[in-house]
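Visitor: Have a look at this one.
And the structure:
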């Protein structure tokens, strides 16, 4: 504005005093007006951008609210898996039980909670259709356990005053038997939005913004004052000398002192319009990133290495997907961003392209469905051996075309085939359906049993077991002869096995599923196959099958399998036990739902289940009877032989068994069947006294390309960090599958040392010697006093959401740019998304929205969870999509840096050229509108062309800068910039002086130029002299434009020469250079 005032005063004075008329007076006024207009326009653009940025989150919330209000109530019939990364609850809506994400639960809903589940908000137990037990209220985040129920159901002295839970079976919902019904007392979404308002903050300055801020401060606080003082002093001296020597020229003092000083500073004043160019460049880069991200997700082609890259080279660049993004979609997106608040991708508030290009750490806060498959796969099978030992066989998958064929990789595994056949048949009969053996390419199909409806189960209990059957060699025709008669789902919330699982960090009821089958070839015999919780199955077994004969399951044998089970849990594996029992029974004496089992073959048999049964529980009062036995010290007492024998043969049953010796061929002779009042009583007894078959362990395999993605991140200078909620050993086991380092100094526990649920400490010797902090509260002190190991490792265990957020804050405090990826259906992730520099929500389960053209409850729940997320990854999208977007962002950010360098250098060259002209006692080499043409048209156009520079192959093998200590070696850069500018300054001044000497009348040599303008009154320049000056200034501008083109050709790549990369390969730059 000061420059504009100087020009306005000088122009008015020149118009008033000039004889003849001096055209430069009009030019000065016009330039001042344009300068003021540019300031006002820039302020308007910045204010508008700031307003749009501030309203992005609000507009997103309004858009989600509009979706919810317009929701037609369409529910996707998706059997939500019981995964930690999917928080959904069974809610009664319009008389139908629906799976509803946490954030769509509302006050007044009736929700069915199973033991082991965490309640979404404050809930009260329902004791009838209208009554609520106000004394039994669970608060948000509290886990509903059998102990909670046991303490709450302590009755009053009068039994008639005791309250009982409201059984879903009594109101027509037997499929939910076993769950407890609660009334929702608050809407979780309200607290959710309040927490977002507290934790969400605008992304701080990006690396590029911080670098530009330092350069601007340097120019404004150091270069500008020095140039202004030198120019003002020079012009004052010049006017003083002229005024003393020739008194008649005193009126030209206004132009000499004000105008010439203003023109020296005029290039700095022209930078007021540069923020507009910056805004346009950001919009372009953001639009490019969004369009590329969407295109990559829509593309179904695979990521492939470049032709000249060896895929086995550890230093090879990451694979990319060959997609073409035209300028049309980018321009369409740019227009939308220019006129709208970007509630879709929050590109302004997240600094999308700049943040992507500066990421130094990627934090994964979830496992299932994000970086690992949503459903666990069989890892090993353990079967008894004939030598009273066991055999452990490993599973693997081979990709044949598009099908994944499971097989056992151990050599000679066929010798265990007799024992494997029983487990294989068990798996095939307990799988989703017999035809699932044909499903080779779909790894996500699951069982169709009802267990998940009755309570919380292990994910492995919901995984289809057909892979095990196919690996052993079963085909569909092998099980076609079997017909399922009954499904028995056994839950034991108050059994000791449930308490044991809670101690092992497994928060679900001990349970198993049994199915009764009839073989068409032996219609008079029934067979019961079971699988489920290891301890509960073992508790039900008295014998085991080794492939040749049935042997007694003594304490030594069961201890071996129990140790394997504990070791599997330590290795982050889930484990299922398998058992079997043949039922020799007079089928004419028993009915299922008024239908005889031995009825005609065409008679339909209901396929329902006994939903929630408690198995016989070992009574502690008999503890003294077993004290004389030498049980192994690490074997729980309820798994010892005497306890199992008592559970299988209580005194009443033992007497019946003894009296039934007259019918030795039947397990259930008529006298025993008469003791069962109903079908349920018989099935309760049938699930006992089973034969143990073996174990199968399950593991979460990393998603396709995840391990390679993590490896390639290290090449790109990006650290991958996995925040695990599991304990140390389990976390290390999964981290090893990901390819992370798991040896010395590689894992930090973020739980407090006083936390009773955490590990007691490290178990490896090298960890004991390590000086690692324990607890999030000790991380900062460790960084200050010891070392920076917490900023270098890739694994944190026992992480709560609060601890994860605090650790991400620590990363940011130390200069890291953190990108957070997590499940879009885990509502506790939202606040972590809010504190990260960039958040990416991942669809945790496939078939997220099966109903076409309608929004489902899962899509709405994901939208509410991912409120702070600029990007959203579909389930089947490779993480290499994120890598390719980062690659493009790095290219664009580097181009923006080089564009800014070009603009700054052009500005400084103009300042130096006019300053040298002033020192030579000459008029400015470039007037105001020529300077505007260079800095508002030519330089931005050449700079914009740099945004179309092709990819540098080495861009993903360079380390991104940290977001602190910016431009520490700025002096070196200043020297390089000065060396690069000097030829341009010298050439422009030389052209200007030469052209002025050639066109100015009466000037025969360069030495007379200074004396001519020093001895002439500039108010009296005739038209020919004015045209000569203007011609020289135009020639100087042409020389400057030529120099800008030359400088821009060397700025295509920061680390490569013009010989290595020919500038003409950038077609846009070639066109812009020709136009300039």
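Numbering (the UniProt record's numbering), first residue to last: 1 to 1076.
Glycine included, every Cβ here is placed at the ideal spot set by N, Cα and C.
Using beta-carbon positions only, say whether residue 558 and residue 635 come within less than 8 Å of one another.
Guide: The residue you call residue 558 lines up with position 558 of the chain shown. The residue you call residue 635 lines up with position 635 of the chain shown. Yes, the pair counts as a contact, with Cβ atoms nearer than the cut-off.
Visitor: Which runs of the alpha helix (DSSP H) fall wholly inside the region 690-758 and span at least 4 residues, in chain order?
Guide: You should have 706-715 and 728-738.
Visitor: How is residue 123 classed by DSSP in three states: helix, strand or coil?
Guide: On the chain shown, residue 123 is found 123 positions in, with the first residue counted as 1. In this structure, residue 123 counts as strand in the three-state DSSP scheme.
Visitor: With contact counted as at least three CB pairs below 8 Å, one residue from each stretch, are the region 377-384 and the region 358-368 in contact?
Guide: Judged by Cβ distances under 8 Å, the region 377-384 makes no contact with the region 358-368, as fewer than three pairs qualify.
Visitor: Which residues does DSSP pair with residue 360 in a beta bridge?
Guide: As a working mapping, residue 360 is identified with position 360 in the chain shown. None, per the DSSP bridge assignment.
Visitor: Could you pull out every residue in the same chain whose Cβ sits closer than 7 Å to the Cβ of residue 639, ignoring the five residues on either side in sequence?
Guide: On the chain shown, residue 639 is found 639 positions in, with the first residue counted as 1. Taken in chain order, the residues that qualify are 535, 538, 539, 558 and 562.
Visitor: Answer yes or no: do residue 101 and residue 857 have a C-beta to C-beta separation smaller than 8 Å?
Guide: The sequence position of residue 101 within the chain shown is 101, counting from 1. The sequence position of residue 857 within the chain shown is 857, counting from 1. Contact: yes.
Visitor: Out of 637, 177 and 687, state which residue places its alpha-carbon closest to the alpha-carbon of residue 583.
Guide: Looking up residue 583 in the chain shown gives position 583. It is 687.
Visitor: Comparing alpha-carbon positions, which option in 183, 479 and 897 lies nearest residue 519?
Guide: One-based indexing of the chain shown puts residue 519 at position 519. Ranking the options by Cα distance to residue 519, first place goes to 479.
Visitor: How is the beta strand (DSSP E) around residue 1027 delimited, first residue to last?
Guide: Position 1027 of the chain shown, counted from the start, is the residue given in the question as residue 1027. First-last for residue 1027: 1023-1049, but that is the alpha helix (DSSP H), not the beta strand (DSSP E).
Visitor: Tell me which residues share the same chain as residue 1032 and place their Cβ nearer than 7 Å to its Cβ, disregarding the 5 neighbours each side in the sequence.
Guide: As a first step, residue 1032 is located in the chain shown; it is residue number 1032 there, counting from the start. Closer than 7 Å at the Cβ level, and outside the excluded window around residue 1032, lie 992, 995, 996 and 999.
Visitor: So residue 923 is in the beta strand (DSSP E); what residue range does that whole segment cover?
Guide: Position 923 of the chain shown holds residue 923. Neither: residue 923 is in no beta strand (DSSP E) and is coded neither H nor E.
Visitor: Give the straight-line distance between the Cα atoms of residue 579 and residue 499, rounded to the nearest whole angstrom.
Guide: Here residue 579 refers to the residue found at position 579 when the chain shown is read from its first residue. Here residue 499 refers to the residue found at position 499 when the chain shown is read from its first residue. In a straight line, the C-alpha of residue 579 is about 22 Å away from that of residue 499.
Visitor: Taking only the alpha-carbon atoms, compute the straight-line gap between residue 990 and residue 913 and give it to the nearest angstrom.
Guide: Position 990 of the chain shown holds residue 990. Position 913 of the chain shown holds residue 913. So the alpha carbons of these two residues sit roughly 10 Å apart.
Visitor: On a CA-only basis, which of 918, 550, 739 and 33 is nearest residue 387? Give me that one, please.
Guide: Indexing the chain shown from 1 puts residue 387 at position 387. Nearest of 918, 550, 739 and 33 to residue 387, Cα basis: 550.
Visitor: List in chain order: all unbroken beta strand (DSSP E) runs of 3+ residues lying wholly within the region 902-965.
Guide: Correct list: empty.
Visitor: Just to confirm the assignment, what range does the beta strand (DSSP E) spanning residue 795 have?
Guide: Taking the chain shown and counting its residues from 1, the one referred to as residue 795 is at position 795. 795-797 is the extent of the beta strand (DSSP E) around residue 795.
Visitor: Tell me which same chain residues have a C-beta within less than 8 Å of the C-beta of residue 1080, skipping the five on either side of it?
Guide: There is simply no residue 1080 to check, as the chain begins at 1 and stops at 1076 in what is shown.
Visitor: So, helix, strand or coil for residue 173, using DSSP?
Guide: Looking up residue 173 in the chain shown gives position 173. Three-state DSSP puts residue 173 in coil, outside helix and strand.
Visitor: Give the range of the beta strand (DSSP E) segment to which residue 97 is assigned.
Guide: One-based indexing of the chain shown puts residue 97 at position 97. Taken as a continuous stretch (DSSP letters only), the beta strand (DSSP E) holding residue 97 covers 96-101.
Visitor: How many Å lie between residue 972 and residue 279 at the Cα?
Guide: Working through the chain shown from its first residue, we reach residue 972 at position 972. Working through the chain shown from its first residue, we reach residue 279 at position 279. Going from the Cα of residue 972 to the Cα of residue 279 covers about 29 Å.
Visitor: Give the DSSP bridge partners of residue 89, in chain order.
Guide: If you number the chain shown from 1, residue 89 lands on position 89. Residue 89 is bridged to 100.
Visitor: Does residue 345 come out as helix, strand or coil in the three-state DSSP assignment?
Guide: Taking the chain shown and counting its residues from 1, the one referred to as residue 345 is at position 345. Three-state result, residue 345: coil.
Visitor: Check residue 624 in the structure and name its three-state DSSP category.
Guide: Numbered from its first residue, the chain shown carries residue 624 at position 624. Residue confidence is low: residue 624 scores 29 on pLDDT, short of 50, so the model does not pin down where it sits. No coordinate-derived value is stated.
Visitor: Is the beta carbon of residue 957 less than 8 Å from the beta carbon of residue 715?
Guide: Here residue 957 refers to the residue found at position 957 when the chain shown is read from its first residue. Here residue 715 refers to the residue found at position 715 when the chain shown is read from its first residue. For residue 957 and residue 715, yes; Cβs fall inside 8 Å.
Visitor: Measuring CA to CA, which of 359, 412 and 930 is closest to residue 267?
Guide: Translated into the one-based positions of the chain shown, residue 267 becomes position 267. Among 359, 412 and 930, the Cα nearest to that of residue 267 is on 930.
Visitor: Determine the extent of the alpha helix (DSSP H) in which residue 84 is found, giving its start and end residues.
Guide: Position 84 of the chain shown, counted from the first residue, corresponds to residue 84. First-last for residue 84: undefined, no H or E at that position.
Visitor: Could you pull out every residue in the same chain whose Cβ sits closer than 8 Å to the Cβ of residue 55, ignoring the five residues on either side in sequence?
Guide: Mapped onto the chain shown, residue 55 falls at position 55. Correct list, in chain order: 341.
Visitor: Following a CB-centred definition, is residue 215 positioned closer than 7 Å to any heavy atom of the ligand PLP?
Guide: Questions concerning the ligand PLP fall outside what the structure shown contains, since it holds no ligand whatsoever.
Visitor: In chain order, what residues of the same chain lie with their CB nearer than 6 Å to the CB of residue 260, ignoring the 5 residues before and after it?
Guide: In the chain shown, counting from the first residue as 1, residue 260 sits at position 260. Excluding positions up to five away in sequence, the list reads 235 and 918.
Visitor: Look at the alpha carbon of residue 493 and the alpha carbon of residue 822, and state the distance between them as a whole number of angstroms.
Guide: Locating residue 493 in the chain shown gives position 493, where the first residue counts as 1. Locating residue 822 in the chain shown gives position 822, where the first residue counts as 1. Going by the C-alpha atoms only, they are around 31 Å apart.
Visitor: Taking residue 457 as the reference, give the member of 409, 512 and 870 with the closest Cα.
Guide: Translated into positions along the chain shown, residue 457 becomes position 457. Answer by Cα proximity: 512.
Visitor: Restricting to Cα atoms, I'd like to know which of 39, 325, 10 and 1040 is closest to residue 27.
Guide: Here residue 27 corresponds to residue number 27 of the chain shown, with the count starting at 1. Minimum Cα distance to residue 27 is reached at 10.
Visitor: Going by C-alpha distance, which of 363, 868, 934 and 421 is nearest residue 196?
Guide: In the chain shown, counting from the first residue as 1, residue 196 sits at position 196. Among 363, 868, 934 and 421, the Cα nearest to that of residue 196 belongs to 868.
Visitor: Reducing DSSP to helix, strand and coil, say where residue 567 ends up.
Guide: Translated into the one-based positions of the chain shown, residue 567 becomes position 567. Note: residue 567 maps to helix in three-state DSSP.
Visitor: Going straight from the alpha carbon of residue 533 to that of residue 506, what length do you get?
Guide: Counting from 1 along the chain shown, the entry for residue 533 is found at position 533. Counting from 1 along the chain shown, the entry for residue 506 is found at position 506. One C-alpha to the other measures close to 11 Å.
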